[in-house]
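Have a look at the structure below before the remarks.
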Amino acid sequence: MFPLYELPFTGGVPGTFAAGQQYSLQSVLPGSGPRGVSNNDSPLKQQVGDDPNNPRDPDRGPNASPEDPDRPVTNDDDQKETRLRFIPSGLANEILLDVVVRVRSFEPSVTDPTRRLFDAYAAEVARIDANHDGVVTFVEADAEDESDGQSNERLYLPATSFNRFAVTRELNDGLLAPRFAPSQRAWVLSGNVAHVNPAVPASIGRDGDDR
6 MFPLYELPFT
16 GGVPGTFAAG
26 QQYSLQSVLP
36 GSGPRGVSNN
46 DSPLKQQVGD
56 DPNNPRDPDR
66 GPNASPEDPD
76 RPVTNDDDQK
86 ETRLRFIPSG
96 LANEILLDVV
106 VRVRSFEPSV
116 TDPTRRLFDA
126 YAAEVARIDA
136 NHDGVVTFVE
146 ADAEDESDGQ
156 SNERLYLPAT
166 SFNRFAVTRE
176 LNDGLLAPRF
186 APSQRAWVLS
196 GNVAHVNPAV
206 PASIGRDGDD
216 R
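So that you can map any letter, position 202 of the sequence shown is 207 in this note's numbering, and since no number is skipped, the others follow by simple counting.
Next up, the structure:
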């Protein structure tokens, strides 16, 4: 899930687009947001930013195994991606619950939604962030491990928990968070699933629509 503290800078919070706040914050370096740990100051940039001399494989996240038929290698936590700017889906859900549902139990005196979002993001990430660098790594969020005295399985929403999805506008700008409030301007599809026989391809090849 993209860093939720970017929502006020995507147009996703009422009034922010009109105030010209879009693009005011972009998570190029990982961290826990404006109210959490910032890694924008040297030498932390070298520790958590892109290093041309040490290009880590972004696919190296789940535990590897010599018995894996697709990638038979020994598991090595030191080789896993550490430049993460995203967080697990279940953790993102907890952040949103803190902001809009737990108004009496989480910072009841704070009413500004942007401030609540920043504080909730920092607080929930801190529960998982073992070394307090503001980055939730694959090792820290390992589903088979524990954090904050609980199983890390809670950090991931199962696919079966979703009963709807939003079709969003995609901007090819390389940024993690969708811009211009797509959650407010999308069509939400609902209703019964219509099975089609014979099946229709869901998409065309990559080069099918290049212009």
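For glycine and all other residues, C-beta sits at the position ideal for the given N, C-alpha and C.
Every value quoted in this text rests on a predicted model; they were computed, and no experiment measured them.
Limits of the unbroken alpha helix (DSSP H) element including residue i
i, result
"I92", "Element bounds for I92: n/a, residue is neither H nor E."
"D81", "Neither: D81 is in no alpha helix (DSSP H) and is coded neither H nor E."
"Q51", "L49 to V53"
Three-state secondary structure (DSSP) of residue i
i, result
"S32", "coil"
"E145", "coil"
"E129", "helix"
"S166", "helix"
"E158", "helix"
"E258", "The chain is shown only over 6 to 216; residue 258 falls outside these bounds and no answer can be derived."
"E151", "strand"
"S188", "Here the model assigns S188 a pLDDT of 49, short of 50, so the residue's position is not dependable, and the following value carries that caveat. S188 falls in the helix class under three-state DSSP."
"Q27", "coil"
Proximity below 9 Å, CB of residue i to CB of residue j
i, j, result
"V181", "R90", "Note that residue 181 corresponds to Leu in the displayed sequence, not to Val. Result yes, Cβ atoms of L181 and R90 sit closer than 9 Å."
"Y126", "G38", "yes"
"L122", "V18", "yes"
"K85", "V140", "no"
"E129", "I100", "yes"
"V201", "D134", "no"
Same chain only: Cβ atoms within 7 Å of residue i, ignoring 5 sequence neighbours per side
i, result
"S29", "F14"
"R76", "A69"
"V104", "P118, R121, L122 and A125"
"Y10", "G38, P39, L122, F123 and Y126"
"Q26", "P13 and F14"
Nearest-angstrom beta carbon gap, residue j and residue i [assumed within contact, 8 Å]
i, j, result
"R88", "D55", "6 Å"
"P8", "I92", "7 Å"
"G95", "L12", "In fact, because the Cβ distance is near 18 Å, the residues do not count as touching under 8 Å."
"K50", "N44", "7 Å"
Residues of its chain near residue i, where Cβ-Cβ distance is below 6 Å and the 5 sequence neighbours each way are ignored
i, result
"R132", "D153"
"F111", "D103"
"L160", "P93, G95, L96 and A146"
"V78", "A69"
Same chain, Cβ closer than 8 Å to residue i, five either side skipped, listed in chain order
i, result
"N68", "N80, D147 and E149"
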